[in-house]
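Visitor:
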Amino acid sequence: MARVKGAMMTRKRRNKMLKLAKGYWGSKSKHFKMAKQAVKKSGVYAYVGRKQKKREFRKLWIARLSAAVAPYGINYSRFMNGLKKANVTMNRKALSELAIADPAAFAALVEVAKKAL
10 MARVKGAMMT RKRRNKMLKL AKGYWGSKSK HFKMAKQAVK KSGVYAYVGR KQKKREFRKL
70 WIARLSAAVA PYGINYSRFM NGLKKANVTM NRKALSELAI ADPAAFAALV EVAKKAL
């Protein structure tokens, strides 16, 4: 029986890894061993980044809402509590977009929240 060597699959695997490392600085994009480490580490950073992105956006929406309700003489936590008591179920993203795009509708929501308190 003929001997099977793994040169083709090895080359394919290495080229795939080097393609993922394209654009990395120096030998991280040229040498397989260093590229493999760099791609693995970048995957870890990407995974963590996807979680952090969610946190950062939530913080942004809360900051926007806090700034939007301040002129109405109410703070963010009381506003959210008032909405909850008034059975208004809107997420923070939608509320912050509403505060930017339609101030009149947002003012009505603030009044609803104030009445519910």
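All residue numbers for the sequence shown refer to the numbering used here, where the first residue is 10 and numbers rise by one.
Backbone N, C-alpha and C fix where the C-beta goes; we use that ideal spot for every residue, glycine too.
What you are looking at is a predicted structure, and each value in this text was computed from that prediction instead of being measured.
Identify, in the order they occur along the chain, each residue of the same chain with its Cβ nearer than 6 Å to the Cβ of M43, setting aside the five sequence neighbours on each side.
Guide: Excluding residues within five positions, the ones whose Cβ falls inside 6 Å are S36 and K37.
Visitor: Taking the alpha-carbon positions, what's the S51 to E65 distance?
Guide: Their Cα atoms are separated by approximately 20 Å.
Visitor: So, helix, strand or coil for Y85, using DSSP?
Guide: It is helical.
Visitor: Which value, in whole angstroms, describes the spacing of the CA atoms of A16 and W70?
Guide: The alpha-carbon atoms of A16 and W70 are separated by roughly 53 Å.
Visitor: Measuring only the C-alpha atoms, how far is F41 from M18?
Guide: Going by the C-alpha atoms only, they are around 14 Å apart.
Visitor: If we count the other Cβ atoms within 10 Å of its Cβ and call it buried at 16 or more, is S86 buried or exposed?
Guide: Exposed, because fewer than 16 other Cβ atoms sit within 10 Å of the Cβ of S86.
Visitor: What do you reckon, are the CB atoms on L74 and L27 nearer than 8 Å?
Guide: It is not a contact, given that the beta carbons lie outside the stated cut-off.
Visitor: Run through the region 14-45 for me and flag every whole alpha helix (DSSP H) of 4 or more residues, listed as ranges in chain order.
Guide: Fully enclosed alpha helix (DSSP H) runs of 4 or longer: 16-29.
Visitor: Here's the rule: buried if 16 or more other CB atoms are within 10 angstroms of the residue's CB, otherwise exposed. What is A122?
Guide: Flag for A122 reads buried.
Visitor: Does A125 come out as helix, strand or coil in the three-state DSSP assignment?
Guide: A125 falls in the helix class under three-state DSSP.
Visitor: Nearest to F115 by CA position, among V78, I83 and N96, is which residue?
Guide: Closest by alpha carbon: V78.
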